[in-house]
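All residue numbers for the sequence shown refer to our numbering, where the first residue is 3 and numbers rise by one. Comments concern the structure below.
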Amino acid sequence: MSALKLIIGNKNYSSWSLRPWLAMRHAEIAFEEEVVRLDFDGEGPTNNHLKVYSPAGKVPVLFHGDTHVWDSLAILEYVAELYPDRGLWPKDRATRARARTAACEMHSSFTALRAELPMNVRRAPSRVPCSEAAQADVERIVELWNACRSDYGNDGPFLFGGFSIADAMFAPVCNRLSIYDIPIDAAASAYIDAVLGMPAYLEWKDAAEAEPWIIDAEER
Ligand SMILES: N[C@@H](CCC(=O)N[C@@H](CS)C(=O)NCC(=O)O)C(=O)O
Numbered sequence: 003m004s005a006l007k008l009i010i011g012n013k014n015y016s017s018w019s020l021r022p023w024l025a026m027r028h029a030e031i032a033f034e035e036e037v038v039r040l041d042f043d044g045e046g047p048t049n050n051h052l053k054v055y056s057p058a059g060k061v062p063v064l065f066h067g068d069t070h071v072w073d074s075l076a077i078l079e080y081v082a083e084l085y086p087d088r089g090l091w092p093k094d095r096a097t098r099a100r101a102r103t104a105a106c107e108m109h110s111s112f113t114a115l116r117a118e119l120p121m122n123v124r125r126a127p128s129r130v131p132c133s134e135a136a137q138a139d140v141e142r143i144v145e146l147w148n149a150c151r152s153d154y155g156n157d158g159p160f161l162f163g164g165f166s167i168a169d170a171m172f173a174p175v176c177n178r179l180s181i182y183d184i185p186i187d188a189a190a191s192a193y194i195d196a197v198l199g200m201p202a203y204l205e206w207k208d209a210a211e212a213e214p215w216i217i218d219a220e221e222r
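Structure (structure tokens):
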């Protein structure tokens with residue numbers, strides 16, 4: 003099999019990059035990584051240099067021989083197909099459908115939360131006020147997590163028991179709720195601890211803490 007190469011943004015800020023990286027590292031899938039520095043000028047993205055990696059001009063991007071995948075969820079689906087033995091989706095079809103629904107809801111929703119509470123891996127936790135729209139996003143996320151945990155989570159600490167792509171998709175939200183000290187219930191808080199305690203997450207965090215770059219627009 004040809005080598006996998008994952009292009010990612012700054013580990014401290016690039017929430018989309020964390021998703022495939024975390025799942026691949028956790029599942030012990032070998033890959034080479036290249037960190038491309040993201041920058042913003044305060045008036046919008048200035049990341050034209052990303053166009054050499056994908057026509058969308060965004061990261062993450064996965065290269066595998068002639069195959070080129072430039073969306074976090076598409077990358078996760080691709081590696082789940084390449085490595086079916088790693089259990090990146092639940093085995094049972096109905097459970098898998100529910101896990102895919104959770105992953106897709108994360109991918110397509112929660113715009114207020116994303117805009118107001120950016121991922122910032124190394125930030126020390128402290129509370130920030132959030133809008134009603136962001137609060138509604140938090141409530142829906144907690145409802146989704148708790149339903150997955152109570153319906154499917156008996157065999158482990160993750161949404162579907164063992165780690166799955168659904169958890170990879172929500173990992174940046176775990177960082178956001180934790181660093182901005184957003185009030186949530188004990189079950190959701192235990193789920194966040196499970197994700198943020200993963201050895202793969204801690205490895206990502208160490209690398210994020212070592213990065214010298216500070217993006218003012220992403221700091222709150
Ligand atoms: N739908 C894409 C979105 C990726 C995305 O927005 N990535 C951000 C970094 S976290 C980016 O590349 N931003 C650069 C820009 O917008 O100029 C995915 O899921 O991979």
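Virtual Cβ for every residue (Gly too), placed ideally from N, Cα, C.
Out of L20, R39, Y55, L84, the CA that lies nearest to the CA of H70 is found in Y55.
For the pair of segments examined, the region 197-211 was found not to touch the region 61-69: the number of CB pairs separated by less than 8 Å stays below three. With respect to the 9 Å criterion, H66 and L90 are not classified as neighbours on the basis of their beta carbons.
The region 73-83 makes contact with the region 14-21: 3 or more CB pairs, one atom from each, lie closer than 8 Å. Look at the beta carbons and you see the region 179-194 touching the region 136-148: at least three pairs across the two are nearer than 8 Å.
V175 and N122 have their C-alpha atoms some 10 Å from each other. Where K60 is concerned, there is no enclosing beta strand (DSSP E), because DSSP gives it neither an H nor an E. Of W215, L119, E220, A168, the smallest CA-CA separation from A99 is found for A168.
The distance from the Cβ of R222 to that of V130 is about 6 Å, consistent with a contact at the 8 Å cut-off. Assigned with DSSP and collapsed to three states, V175 falls in helix. In the structure shown, V37 adopts extended strand secondary structure according to DSSP, grouped into three states. The criterion of a C-beta distance shorter than 9 Å is satisfied by L119 and A136. According to the DSSP assignment, I9 belongs to no alpha helix (DSSP H) but to the beta strand (DSSP E) extending over 6-10. When DSSP reads this structure, H70 sits in a beta bridge with F65. For A126 and N156, the gap between their C-alpha atoms comes out near 32 Å. Following the DSSP letters along the chain, one finds A219 in no alpha helix (DSSP H), marked with neither H nor E.
DSSP, reduced to helix, strand and coil, places G89 outside both helices and strands of the structure shown, so it counts as coil.
Close CB contacts of E36 within its chain, under the 6 Å cut and outside five residues either way in sequence, are with I9 (chain order). Here L52 has V38, G59, K60, V61 as same chain residues with Cβ atoms under 7 Å from its own Cβ, once five neighbours each way along the sequence are excluded.
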